[in-house]
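If you read the sequences in order, they're chains A and B. Be aware that the first sequence starts at 38, since it is given in this note's numbering, and climbs by one per residue. Be aware that the second sequence starts at 38, since it is given in this note's numbering, and climbs by one per residue. Note that beta-carbon positions come from the ideal geometry of N, C-alpha and C, so glycine has one too. A quick note: this is a predicted structure, and the numbers were derived from the prediction, not measured. What follows is one structure encoded as structure tokens, with my remarks underneath.
There are 2 protein chains.
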Amino acid sequence: MLSLKDLLQGDKRAIAQTISAVENGTNTKILEKLYRYTGNAFHVGITGPPGAGKSTLVNAIAAELLKQKKKIGIIAVDPTSPFSGGALLGDRVRMTDLALKKNIYIRSMASRGSLGGLAQKTKDVALVLDASGMDFILIETIGVGQVELDIAQVCDTTVVVLVPESGDSIQALKAGLLEIADIMVVNKGDREGSDRLLTDLKFALELREQTAGWHFPILKTVATTHEGISALVSEIENHREYLDKSGQLEKERKSKIAMHIHELIEEKIRSHLRKSVISKAELARIADKVYRRELNPYVIASEILSGSGLNI
Amino acid sequence: MLSLKDLLQGDKRAIAQTISAVENGTNTKILEKLYRYTGNAFHVGITGPPGAGKSTLVNAIAAELLKQKKKIGIIAVDPTSPFSGGALLGDRVRMTDLALKKNIYIRSMASRGSLGGLAQKTKDVALVLDASGMDFILIETIGVGQVELDIAQVCDTTVVVLVPESGDSIQALKAGLLEIADIMVVNKGDREGSDRLLTDLKFALELREQTAGWHFPILKTVATTHEGISALVSEIENHREYLDKSGQLEKERKSKIAMHIHELIEEKIRSHLRKSVISKAELARIADKVYRRELNPYVIASEILSGSGLNI
């Protein structure tokens, strides 16, 4: 039995149960009910290539925020292979100490092959944590693809983490990471090449600085020894203040809401399509004919819609 | 003036014009018209992390296939940053020699920030090349995200390329690359660590081998010196034969067609939604109220649909 009251008070068991219900789709009404209690948490995305030390950095940020008496939710998104199973989640183990503390809740999300729905699920889980009274929600993703860019949409501030290793800045450019960064972190900053990377990033971000009102800080950290972490948390606070005062926080959250509504409508239509418009057997029969080039997929798609009663 | 006849005969200018028309959406009827001439090309995806030497490998495979008098289309998908512009496409320059040959057509696709539509555009371009009489279509992607997994869907055979550098096999696991691989290639196989990587991959693929009828070859190549390339092309042919004889080629192509029809219907509904169901201004007004938590997005999405005349 899910208790909304317990959830709103930040009860860990209630959070866990609610997230499970949301993830499994067993209680679709729950998001509707808790929505009015959301909108208070500040969402920080931490993203970067594998091996950049994101988990350690997230741990360090959380520890710093805990000192400031903040309540923190962490979502670690890990597109793990169904074959490798949970093995790669091993680095989560380090988080255990933190997870036992009072004002923190950590959730790992593995895609188990269904990358498509991962961004949506992450957003839903963030809503649950938001309603549970978290001040900050830290969302850690491997910054490599569309899912990450989708998840970045849910974040107010995006921190992109790189390490001074060959190819990293080029990879970041290719993946479009620099365009979503509000704050850049060069982690493992005690390693060779970190100054070179700092210069590269400064150069790459100059263009964006000219057109934005934000100064795009580039910080060096050594997450394992907590070096540079309090400066990073300060910059996160600075960015929040900047968003707030400039009116951008409100503006961006509204446009995210509009997008969310659009997605909800699309999902309803998709589900209607699957259930009512065309049966699997019928689609298979049609695909058979298209395979033999007796039918044209473009023509048949229009015909299915005309016959669907959808009035399109 | 687009000429379907010229396209079907493999005229390079007609191919270029048709692809441009498809990419820009200036001629939506063209795919409908050329569809019946498709279905003959064999699609090979070549994917892997940045720096694995995919472009060089694709060049080498193409050169090998050219010797066998095959006609080859190459699509290089490059999610380039709008900030870095075309600079990262520099490595395409190497392809120029090949591009001038008679039986080959090379197309680079940059996402220019619109990752979402990239997979669909790639599939459309593949249809154009298919209709133009290509025997093989090689599709090169950076194997890191959802787009790549989407594009893998269009390929009959997927070749995953790794290099013997630290973290590569773990990264491949995390990105779900091993699950889509039909053939694994350890490129730059003359470097230290390549045997270790081979062993790792063998171990990782053992599980899949037990449940599949295919032996998942793992090959060493040095693409720059053409080492191992003819063995790779042989394995691609072997995989094609396996797919053909086992009936899987037909089965998978049919299920891809079913998916394609589904996507076409969804796209039509989405476009209807954008144009007719709810205006931008109206959505902004609603988002405003949701932001203040006066409205609930889940409830309002249902209401918009009920009032839309869509009969859902």
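Opposing strand residues paired with residue i [DSSP bridges]
i	result
Ile109(A)	Ile141(A), Phe173(A)
Phe220(A)	Reading off the sequence, residue 220(A) comes out as Ile, not Phe. Partner(s): Val196(A).
His80(A)	Ile174(A)
Gly85(A)	Ile179(A)
Met146(A)	Val114(A)
Leu45(A)	Bridge partners of Leu45(A): none, in fact.
Val259(B)	Glu264(B)
Contact set for residue i: own chain, Cβ-Cβ below 7 Å, skip 5 residues either direction
i	result
Ala268(B)	Leu256
Thr261(A)	Thr93
Asn77(B)	Asp167
Ile323(A)	Leu332, Ile337
Lys158(A)	Glu60, Met146
Gln54(B)	Leu39
Lys49(B)	Tyr142
Residue i - DSSP class collapsed to helix/strand/coil
i	result
Val197(B)	strand
Ile315(A)	coil
Leu332(A)	coil
Val191(B)	coil
Glu229(B)	coil
Glu202(B)	coil
Leu39(A)	coil
Phe253(B)	coil
Asn275(B)	helix
Ser37(B)	The question about residue 37(B) has no answer here: the residues shown for chain B are numbered 38 through 349.
Asn61(B)	helix
His75(A)	Residue 75(A) is actually Thr in this sequence, not His. Note: Thr75(A) maps to coil in three-state DSSP.
Ser308(A)	helix
Ser350(A)	For residue 350(A) there is no data in the structure shown, the boundaries of chain A being 38 and 349.
Ser92(B)	helix
Ser283(B)	coil
Glu101(A)	helix
Close-in-space but distant-in-sequence residues of the same chain around residue i (CB under 8 Å, 5 per side omitted)
i	result
Val81(B)	Ile98, Phe173, Ile174, Leu175, Ile176, Cys192, Asp193, Thr194, Thr195, Val196, Ile273
Val162(A)	Ile56, Val59, Glu60, Ile112, Arg144, Met146
Leu238(A)	Leu199, Ser206, Leu215, Met221, Val223, Ile255
Val95(B)	Ile83, Ile111, Ala113, Leu175, Glu177
Ile141(A)	Ala99, Leu103, Lys108, Ile109, Gly110, Ile111, Leu135
Lys70(A)	Leu41
Lys293(A)	Gln190, Val191
Ala295(A)	none
Residue i CB to nearest heavy atom of the ligand GDP below 6 Å
i	result
Val114(A)	With respect to the ligand GDP, the structure shown offers nothing to examine, as it has no ligands at all.
8 Å Cβ cut-off: residues of chain D touching residue i
i	result
Ile98(A)	Absent here is chain D; the protein component of the structure consists of chains A and B.
Sequence-distant residues of the same chain with beta carbon closer than 6 Å to residue i, five excluded per side
i	result
Arg131(A)	With a pLDDT of 48 at Arg131(A), under the threshold of 50, the modelled position of that residue is not reliable, and no figure is offered here.
Lys91(A)	Ile83, Gly85, Glu177, Val198
Ser169(B)	Leu44, Gly47, Ile52
Ala100(A)	none
Lys291(B)	none
Ile217(A)	Ala189, Thr195
Arg228(B)	Pro201
Lys160(B)	Val191
Original post:
In chain order, what residues of the stretch 311 to 336 of chain A put their CB closer than 7 Å to some CB of chain B?
Top reply: Leu320, Ala321, Ile323, Ala324, Asp325, Val327, Tyr328, Arg330, Asn333, Pro334, Tyr335, Val336
Original post:
Which of the residues in the stretch 65 to 91 of chain B, read from start to end, lie with their CB under 7 Å from any CB of chain A?
Top reply: Leu68, Glu69, Tyr72, Arg73, Gly76, Pro87, Gly88
**OP:** Below 8 Å between beta carbons is the criterion; list the residues of the stretch 270 to 283 of chain B that meet it against any residue of chain A, in chain order.
**Re:** none
Subject >> Cβ-based contacts, 8 Å cut-off: residues of the stretch 289 to 309 of chain A near chain B >> reply: Arg290, Lys291, Ser292, Ile294, Ala295, His297, Ile298, His299, Leu301, Ile302, Glu303, Lys305, Ile306, Arg307, His309
Original post:
Touch check for the stretch 162 to 180 of chain B and the stretch 96 to 112 of chain B: three-plus C-beta pairs under 8 Å?
Top reply: yes
**OP:** Evaluate contact between the stretch 295 to 312 of chain B and the stretch 309 to 329 of chain A, counting only Cβ atoms and requiring at least three cross-stretch pairs below 8 Å.
**Re:** yes
Original post:
Three or more beta-carbon pairs under 8 Å between the stretch 330 to 345 of chain A and the stretch 312 to 324 of chain B, yes or no?
Top reply: no
Subject >> Short-range partners of chain A found in the stretch 240 to 269 of chain B, where Cβ spacing is below 8 Å >> reply: Ala241, Leu244, Arg245
**OP:** Anything in the stretch 46 to 62 of chain B with a Cβ closer than 9 Å to a Cβ of chain A? List those residues in chain order, please.
**Re:** none
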